[in-house]
Amino acid sequence: MRYVIEVGTVIPAQPPTNEDKMTLYIYATDNMTLVARINGETERACEKVASERFGDSDTYGWTYAPAFGAADGVQPGEDVEDIDA
Numbered sequence: 014m015r016y017v018i019e020v021g022t023v024i025p026a027q028p029p030t031n032e033d034k035m036t037l038y039i040y041a042t043d044n045m046t047l048v049a050r051i052n053g054e055t056e057r058a059c060e061k062v063a064s065e066r067f068g069d070s071d072t073y074g075w076t077y078a079p080a081f082g083a084a085d086g087v088q089p090g091e092d093v094e095d096i097d098a
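At position 63 of the sequence shown (counting the first as 1) the number is 76 in my numbering, and the numbers step up by one without a gap.
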């Protein structure tokens, strides 16, 4: 899809939708099991919550691309916590 915008055109700001949000996946480093999903408007917002809630890098890791089902990818968890940033 292409958009052509003329110089000087004002485009009204649109409120973000769930499709605009990003998801940061938090996993346990010992077994690569998903423990939480953090949804936010920006990487900065997601990573701030991740740092506050899951700051121990020896215990938890995080990624925006979990590669579920791939070799060495994050494995689905049972009690995954959904968190809004």
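All residues carry an ideal CB built from backbone N, CA and C; glycine is no exception. Nothing here was measured: the structure is a model prediction, and the numbers come from that model.
Query                                                                                                                                                               : Result
Using only CA atoms, which one of ALA98, GLY86 and GLY68 lies nearest to ALA78?                                                                                     : GLY86
When the Cα atoms are used, what is the spatial distance from GLU94 to VAL48?                                                                                       : 6 Å
Go ahead and label PRO28 buried or exposed: buried means 16 or more other beta carbons lie within 10 angstroms of its beta carbon, across all protein chains shown. : Because PRO28 sits at a pLDDT of 49, beneath the cut-off of 50, its placement in the model cannot be relied upon, and the following sentence gives the value as read from the coordinates. So PRO28 counts as exposed.
I'd like the list of long-range same chain contacts for GLU60, defined as Cβ closer than 8 Å, with 5 residues on each side in sequence excluded.                    : LEU37 and TRP75
By the 10 Å Cβ neighbour count, where 16 or more other Cβ atoms means buried, how is GLY53 classified, buried or exposed?                                           : buried
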